[in-house]
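S.K.: Order-wise, the sequence lines are chains A and B. Residue numbering for the first sequence follows full-length UniProt numbering, beginning at 1 and increasing consecutively. Residue numbering for the second sequence follows full-length UniProt numbering, beginning at 1 and increasing consecutively. From the three backbone atoms N, C-alpha and C, an ideal C-beta is built for every residue, glycine too.
Number of protein chains: 2
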Amino acid sequence: MTNQLDQLAINTIRTLSADVVRKANSGHPGAPMGCAPMAHVLFSSFIVANPSNPKWPNRDRFVLSNGHGCALQYVLLHLLGYNMTMSDLKAFRQSDSKTPGHPESHLTEGIEVTTGPLGQGLAMAEAHLESRFNKPGYELFSNCTYVIAGDGCLQEGIASEAASLAGHLRLGKLIVFYDDNHISIDGDTELSFTEDVLKRFESYGWHTQFVKDGDNDLAGITQAVVNARNVKDKPSIIKIRTTIGIGSKDQGTEKVHGSPLKPDDIAQIKKTFGFDPEKHFYVPDSVSARAESRWNKLLEDYGIEYPEESAEIKRRFANKLPEDWTDHLPRYTPSDPSVATRKLSENVLNKICDVLPELIGGSADLTGSNLTRWKSAGEFQADSTGIGTYSGRYIRYGVREHGMAGMMNGMTAYGGLIPFGGTFLNFISYALGSVRLAALSSFRVIYVLTHDSIGLGEDGPTHQPIETLASLRALPNILVLRPADGNEVSGAYLAAIQNLQRPSAISLTRQNVPHLEGSSIEKTLLGAYVLKEVKDANITLVATGSEVSIIVDTAKLLEKEGIKARIVSFPSFELFDEQSLEYRLSVFPDGIPVLSVEALSTFGWLKYAHANFGMTTFGTSGPYKEVYQKYGFTPENIADKAKKTIEFYKGHTLVSVVQKPF
Amino acid sequence: MTNQLDQLAINTIRTLSADVVRKANSGHPGAPMGCAPMAHVLFSSFIVANPSNPKWPNRDRFVLSNGHGCALQYVLLHLLGYNMTMSDLKAFRQSDSKTPGHPESHLTEGIEVTTGPLGQGLAMAEAHLESRFNKPGYELFSNCTYVIAGDGCLQEGIASEAASLAGHLRLGKLIVFYDDNHISIDGDTELSFTEDVLKRFESYGWHTQFVKDGDNDLAGITQAVVNARNVKDKPSIIKIRTTIGIGSKDQGTEKVHGSPLKPDDIAQIKKTFGFDPEKHFYVPDSVSARAESRWNKLLEDYGIEYPEESAEIKRRFANKLPEDWTDHLPRYTPSDPSVATRKLSENVLNKICDVLPELIGGSADLTGSNLTRWKSAGEFQADSTGIGTYSGRYIRYGVREHGMAGMMNGMTAYGGLIPFGGTFLNFISYALGSVRLAALSSFRVIYVLTHDSIGLGEDGPTHQPIETLASLRALPNILVLRPADGNEVSGAYLAAIQNLQRPSAISLTRQNVPHLEGSSIEKTLLGAYVLKEVKDANITLVATGSEVSIIVDTAKLLEKEGIKARIVSFPSFELFDEQSLEYRLSVFPDGIPVLSVEALSTFGWLKYAHANFGMTTFGTSGPYKEVYQKYGFTPENIADKAKKTIEFYKGHTLVSVVQKPF
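(1) So, is the C-beta of residue 286 of chain A closer than 8 Å to a C-beta in chain B?
(2) Please state the DSSP three-state secondary structure of residue 566 of chain B.
(3) Going by DSSP in three states, residue 598 of chain A sits in which element: helix, strand or coil?
(4) In the DSSP assignment, find the alpha helix (DSSP H) that holds residue 343 of chain A and state where it starts and stops.
(5) Where does residue 304 of chain B land, buried or exposed, given buried means 16+ other C-beta within 10 angstroms?
(6) Is there at least one Cβ from chain A nearer than 8 Å to residue 265 of chain B's Cβ?
(7) Are the CB atoms of residue 518 of chain B and residue 508 of chain B nearer to each other than 8 Å?
(8) Chain A beta carbons: is any one of them nearer than 8 Å to that of residue 634 of chain B?
(9) If we count the other Cβ atoms within 10 Å of its Cβ and call it buried at 16 or more, is residue 106 of chain B buried or exposed?
(10) Residues in its own chain within less than 6 Å of residue 26 of chain B by CB, not counting five upstream and five downstream?
(11) With H, G and I counted as helix, E and B as strand and the rest as coil, what does DSSP make of residue 451 of chain B?
(12) Can you say whether residue 155 of chain B is buried or exposed, counting buried as having 16 or more other CB atoms within 10 angstroms of its CB?
(13) If we ignore side chains and look at the alpha-carbon of each, how far apart do residue 301 of chain B and residue 309 of chain B end up?
(14) Three or more C-beta pairs closer than 8 Å, one from the segment 183-192 of chain B and one from the segment 427-438 of chain B: is that the case here?
(15) Which first and last residues belong to the alpha helix (DSSP H) in which residue 643 of chain B is found?
(16) Which two residues bound the contiguous beta strand (DSSP E) that contains residue 530 of chain B?
(17) Classify residue 332 of chain B as helix, strand or coil using the three-state DSSP reduction.
(18) Short of 9 Å Cβ to Cβ, which residues in the segment 204-221 of chain A face chain B?
(19) So that I know if they touch, is there some Cβ in chain A lying closer than 8 Å to that of residue 253 of chain B?
(20) At least one CB of chain B closer than 8 Å to the CB of residue 546 of chain A: is that the case?
(21) Going by C-alpha distance, which of A:366, A:317, A:253 is nearest residue 357 of chain A?
(22) Please list, in chain order, the chain B residues whose beta carbon lies closer than 8 Å to that of residue 628 of chain A.
(23) Since residue 504 of chain A and residue 114 of chain A should fall inside the 8 Å C-beta cutoff, what is the C-beta to C-beta distance between them, to a whole number of angstroms?
(24) Would you mind working out which of A:232, A:252, A:125, A:186 sits nearest residue 34 of chain A, comparing C-alpha positions?
(25) The alpha helix (DSSP H) with residue 239 of chain B in it runs from where to where?
(26) Could you pull the start and end residues of the alpha helix (DSSP H) that residue 168 of chain A belongs to?
(27) Flag residue 282 of chain A as yes if its beta-carbon sits less than 8 Å from any beta-carbon of chain B, otherwise no.
(28) Is residue 583 of chain A helix, strand or coil when you go by DSSP?
(29) Do residue 261 of chain A and residue 14 of chain A have their C-beta atoms within less than 8 Å of each other?
(30) Give, in chain order, every residue of the segment 418-432 of chain B whose Cβ lies closer than 7 Å to some Cβ of chain A.
(31) Please report the straight-line C-alpha distance between residue 604 of chain A and residue 101 of chain A, rounded to a whole angstrom.
(32) Is residue 537 of chain A near residue 569 of chain A, with beta carbons less than 8 Å apart?
(33) Leaving out the 5 sequence neighbours to the left and right, which residues in its chain are closer than 7 Å to residue 82 of chain B when beta-carbon positions are compared?
(34) Name, please, each residue of chain B whose Cβ falls closer than 8 Å to the Cβ of residue 466 of chain A.
(35) On the DSSP letters alone, give me the boundaries of the beta strand (DSSP E) that residue 706 of chain B sits inside.
(36) Going along the segment 448-465 of chain A in order, which residues come within less than 8 Å of chain B, judged by CB to CB distance?
Structure (structure tokens):
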């Protein structure tokens, strides 16, 4: 049964959403109008949060998976008293507004995650922190994650990956509303989407419910949420049949999906709804604020009884790192034995995971290859499985790279955690949709990407990355790190963990590499540094990762012929670009030609070197030394390229690659 | 019941696979040994193909989705009499062998598709060609597609996307064996994969069966395939419980997954199987050859009754294009009205889809935005739905970009078709796993990628590509085309369709662009060309797509200040790189600085220009003209950058960007 006040609130959301989209002359009115009842029930009866402090840790999380319907979210934030004014709404989809075309968490308070994929990571984070910190009488972490998802969301592969794992992990505090409106952009879902969604989620181990009349049956929606909350050991999906763009003359069709409604249509909608366009949403701000102040009192009492845990919660949610954690990063000298950088990454994890309890992570079913499991790691699993607990920090993501990256975003959005995830460098391509959102959202997550070149050998070209690092380097706001030895691997983790506002991708070898004379953790943070300086040099050789030791040998060969080569190790383009011009010129001085060497695509390398040696084709299956030989990654061949480069630039006035016209 | 000969054949596969992996000292013995019974049943009783002509059109297709188990496939090819010798097997995973670490269709006869994702596209192709060409009495196209897939395959999102659509499309000739061995790399599937797979496939509309003892129950496997073949209106999945690495001392554990078995283990396996390592696989080559010769006779008779259709089949399977089809490509002059290049792409499809019946395609639920539907298009749907037929050529892929790209690969592998698929440029990132396989496999597929820059406007940075073209350009063996106007759009389609051996990505605007003075279809094929030549030029301006008309205006501004600018339009890096040095020098002569302009990442552009203007951050929501203004894509700002570039290089001896030391 719908009372009058509920109906008024719902119609407010509907008409305001239509107005917002109309004003922008761009956007999606249909979903906000159709989802208004479920959103109203959720926010008026269930969601506990504090508009005056949108970052309160134990707030319930709300994720609008079908981000194109964000007019709904902006209208809700406005009505609920968040920092979202009527003029913000009027600036919908305009430059520099806080109401962009799709929701962006770094721009707008109250938006938990940017757009798209399902937010399972948030529920994982809650389960972990609840298990780690809650004590008898202290339910510090108890929030739910609510998601509205549309037909389109559920067609995407990432949703399947995340839903399968959420079911496996028995994440009882995840509740998904499936807005079953039978319409996608192309028209009726009968064109391409006729599966039985609830049966599919049952197969994943979810609790499922169906509300037939999602346009009117508020009591039904309410009861379904109550039921879902009572099911503690399964995530829930509630399929809610709605009418997209309800009230419009075109309701229930794809016409209301992605274009503003016509003014006369909006007028008749308002008339139909007997509508007064004032503010009527009636969740008093104070109820939510009381919830937070009760929680703050709880945390205070908890702190008396559990001072260490309390300090840790506060530290972690303030994004502070423990003092002196960096002392635990391993350091090496050239006399240490050669070892693969993936193994050096394991060494780092073994040292720092105990010092940084906020680190949580695993691998997309490549644990033994990525070497992501540290010695003391516990399994993150539902207690009832008997194979782990939610307080464990080792995540078995399964063969689900895209889902893994999405979950890492969700855990970061929740707060108090630094998630990492491992796969082969080549397969981060499966996850780029979520990697991009991490970069756009300024989320600190760490991708541990092993088997990072043709040097992986026998698995062959289906597994050998060529273009992958170029893809990541072309993406804004991500650190891409390809360390050359032990000190640089430690430096890469230091950079990744210190950089609060961006994701990091650490590219690691399968094959062994020696520890270099002159490398250090501190120099790694400069992005590039001179490993070996020579007076009156004829050429600068620059390389990353496993190719640095090859150019060291190249320089020795050249020396025998009287050719002087400087050597630069270049673990990160992005970190180097942030150094002063003076420093950058000291690494790449005017007048000396630069030759770069990397066993990956040369694409993009001209930014730092006049000539580039690398891969321009796919690789081949074979033992790695043979493969390196085949494609010319040998000191002999690179010495030849160096001589050609010197010859070519003879007589030229060469400006440093770091000098640019603008 | 297993007879002795069957058992011998199965054990041959098992021991030979173990030997092959052992010899390479690298690879995956477990799956080949576990899947030997199902593979034996399939190849001895069901699959009709011709080892002497692996490309016979109506052969049954076999796809090993879990490509790491390819030792199985190589052993089968050897035993079946394909061009695969014992010494090929011994060269497993070695450089330049035809037995690479994962199966590659372009290297090895008898391999239908390279590695990984499920092969639904093959079944779609069969349904379409059957519906298009079969006539009463002439079952020219009737083959089945058989797939073996493991736990890992079914965890990936792309498998969900493909399986959901295959169910929707009721593809009765697709039969998937699910090798249910309970083991993935990390260990038991209880770690991360506990869903009810058959229930999930039921929810997609599949026919499901379970064979409990896949190690021994050959009769059960056989009966299941018979049942599956009898279900004509649903794809089938047969879950077959197997023991990974059966026979090994470590059978049934992850230890046999990805490392060779120890020699003494192999010895005891052979002993257990009472084994004589000779060739015993008993499918006589002649049975299969007879099937093809019957089919050839059928095609001959068909040709008498249906000469046109017969000629078309022959033409299409020979990868020939109809004569004079290029006459249908639209041509424009500068007096034609400005229009978005996505609309110009629609114009091309309207013209050529009727002339090229092998074109088949659609959009990932963005038909009205990608404009991929031509006027005469029929819906590709199961007849029983009443909304289309399999002879239709318009595919509703749904919001499944990765699945779409995988299906396009499958259709190409089948033959006789040129598939295309549309989405926003930004969302091709979701599909890169399959795009990469298309490039590696040399498959001609066409990605129609609209909304190709910040110029899409209000949808904002979640939808505005920045790094995307750089990702594609860094990938080997793909044509990336960003046409600037009507003639270049026609040229882009010409290049895409003429290039049999690689995929093409066509990047198209949402916003209108004018038709340029001096553009042509023919020049587009050169990759880059001089749109406007000037004597004694001070600078060359180069741009792609929507930015070409901006540099045309920039040149006019500069001219007023006495600065002479040449203008180069640059639709494709790859096509340009293939031109003679002489031609390339005519486009970028020595001595003139080059400034590039593209409203996407500048990453990689130094290859063709001394200075680059583009995007280095994410974009913003807003009307497109405001967004272009905000980021400086205006003639005024670019003129300023041009002057800085000229100033910077004053007095330098500038060599052309196309001159390289090696």
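M.R.: With the structure as the only source:
(1) As a first step, residue 286 of chain A is located in the first sequence; it is residue number 286 there, counting from the start. Per-residue confidence for residue 286 of chain A stands at a pLDDT of 48, beneath the threshold of 50, marking its modelled position as unreliable; the derived number appears in the next sentence. With 8 Å as the cut-off, residue 286 of chain A does not count as an interface residue toward chain B.
(2) As a working mapping, residue 566 of chain B is identified with position 566 in the second sequence. Residue 566 of chain B falls in the strand class under three-state DSSP.
(3) On the first sequence, position 598 is the one that residue 598 of chain A refers to. If DSSP states are grouped into helix, strand and coil, residue 598 of chain A belongs with the strands.
(4) Here residue 343 of chain A refers to the residue found at position 343 when the first sequence is read from its first residue. Going by DSSP, residue 343 of chain A is part of the alpha helix (DSSP H) stretching over 341-352.
(5) Start at 1 with the first residue of the second sequence, and residue 304 of chain B comes out as number 304. Around the beta carbon of residue 304 of chain B, fewer than 16 other beta carbons lie within 10 angstroms, which makes this residue exposed.
(6) Numbered from its first residue, the second sequence carries residue 265 of chain B at position 265. Not a single CB atom of chain A sits nearer than 8 Å to the CB of residue 265 of chain B.
(7) Position 518 of the second sequence, counted from the first residue, corresponds to residue 518 of chain B. Position 508 of the second sequence, counted from the first residue, corresponds to residue 508 of chain B. Taking a C-beta distance under 8 Å as the contact criterion, residue 518 of chain B and residue 508 of chain B do not qualify as a contact pair.
(8) For the purposes of this step, residue 634 of chain B is taken as the residue at position 634 of the second sequence. No, its Cβ sits nowhere closer than 8 Å to a Cβ of chain A.
(9) Counting from 1 along the second sequence, the entry for residue 106 of chain B is found at position 106. So residue 106 of chain B ends up on the exposed side.
(10) Position 26 of the second sequence, counting from 1, holds the residue named residue 26 of chain B. Excluding positions up to five away in sequence, the list reads 93.
(11) Taking the first residue of the second sequence as position 1, residue 451 of chain B is located at position 451. In the structure shown, residue 451 of chain B sits in coil (DSSP, three-state: anything other than H, G, I, E or B).
(12) Mapped onto the second sequence, residue 155 of chain B falls at position 155. Counting Cβ neighbours within 10 Å, residue 155 of chain B comes out buried, since at least 16 surround it.
(13) Start at 1 with the first residue of the second sequence, and residue 301 of chain B comes out as number 301. Start at 1 with the first residue of the second sequence, and residue 309 of chain B comes out as number 309. Taking the straight line from one Cα to the other gives about 12 Å.
(14) Contact fails: fewer than three Cβ-Cβ distances are below 8 Å.
(15) In the second sequence, residue 643 of chain B corresponds to position 643, counting from 1. Residue 643 of chain B -> alpha helix (DSSP H) spans 635-649.
(16) Within the second sequence, numbered from 1, the residue matching residue 530 of chain B stands at position 530. Looking at the DSSP string, the run of the beta strand (DSSP E) that includes residue 530 of chain B is 529-532.
(17) By 1-based counting over the second sequence, the position of residue 332 of chain B is 332. If DSSP states are grouped into helix, strand and coil, residue 332 of chain B belongs with coil.
(18) Those would be 204, 205, in chain order.
(19) For the purposes of this step, residue 253 of chain B is taken as the residue at position 253 of the second sequence. No, residue 253 of chain B does not count as interfacial toward chain A.
(20) As a first step, residue 546 of chain A must be located in the first sequence, where it is residue number 546. No, no contact with chain B.
(21) The residue you call residue 357 of chain A lines up with position 357 of the first sequence. Checking every option, the nearest Cα to that of residue 357 of chain A belongs to A:317.
(22) As a first step, residue 628 of chain A is located in the first sequence; it is residue number 628 there, counting from the start. Under the 8 Å cutoff, chain B gives no residues; its nearest Cβ is about 11 Å from residue 628 of chain A.
(23) Stepping through the first sequence from its first residue, residue 504 of chain A is reached at position 504. Stepping through the first sequence from its first residue, residue 114 of chain A is reached at position 114. About 18 Å separates the beta carbons of residue 504 of chain A and residue 114 of chain A, which is beyond the 8 Å limit, so they are not a contact pair.
(24) Numbered from its first residue, the first sequence carries residue 34 of chain A at position 34. It is A:252.
(25) Counting from one through the second sequence, the residue named residue 239 of chain B turns up at place 239. DSSP places residue 239 of chain B in no alpha helix (DSSP H) but in the uninterrupted beta strand (DSSP E) bounded by 236-241.
(26) Working through the first sequence from its first residue, we reach residue 168 of chain A at position 168. 157-169 is the extent of the alpha helix (DSSP H) around residue 168 of chain A.
(27) On the first sequence, residue 282 of chain A is found 282 positions in, with the first residue counted as 1. Annotation note: pLDDT 47 at residue 282 of chain A (below 50); position unreliable, coordinate value reported separately. Contact with chain B is absent for residue 282 of chain A, since none of that chain's Cβ atoms lies less than 8 Å from the residue's Cβ.
(28) Taking the first residue of the first sequence as position 1, residue 583 of chain A is located at position 583. In this structure, residue 583 of chain A counts as helix in the three-state DSSP scheme.
(29) Within the first sequence, residue 261 of chain A is the residue found at index 261, counting from 1. Within the first sequence, residue 14 of chain A is the residue found at index 14, counting from 1. Cβ atoms of residue 261 of chain A and residue 14 of chain A: not closer than 8 Å.
(30) Under the 7 Å Cβ criterion, the segment 418-432 of chain B contributes 429, 430, 432.
(31) The count along the first sequence starts at 1 and reaches residue 604 of chain A at position 604. The count along the first sequence starts at 1 and reaches residue 101 of chain A at position 101. Residue 604 of chain A and residue 101 of chain A: Cα-Cα distance of roughly 31 Å.
(32) Taking the first residue of the first sequence as 1, we reach residue 537 of chain A at position 537. Taking the first residue of the first sequence as 1, we reach residue 569 of chain A at position 569. Not in contact: residue 537 of chain A and residue 569 of chain A (Cβ atoms no closer than 8 Å).
(33) Taking the second sequence and counting its residues from 1, the one referred to as residue 82 of chain B is at position 82. Excluding residues within five positions, the ones whose Cβ falls inside 7 Å are 51, 54, 109, 110.
(34) Taking the first residue of the first sequence as 1, we reach residue 466 of chain A at position 466. Those within 8 Å of residue 466 of chain A in chain B are 474, 475, 476.
(35) This structure does not reach residue 706 of chain B, given that chain B is present from 1 up to 662, and the question cannot be answered.
(36) Those residues of the segment 448-465 of chain A that come within reach of chain B (Cβ to Cβ, closer than 8 Å) are 457, 458, 459, 460, 461, 462, 463.
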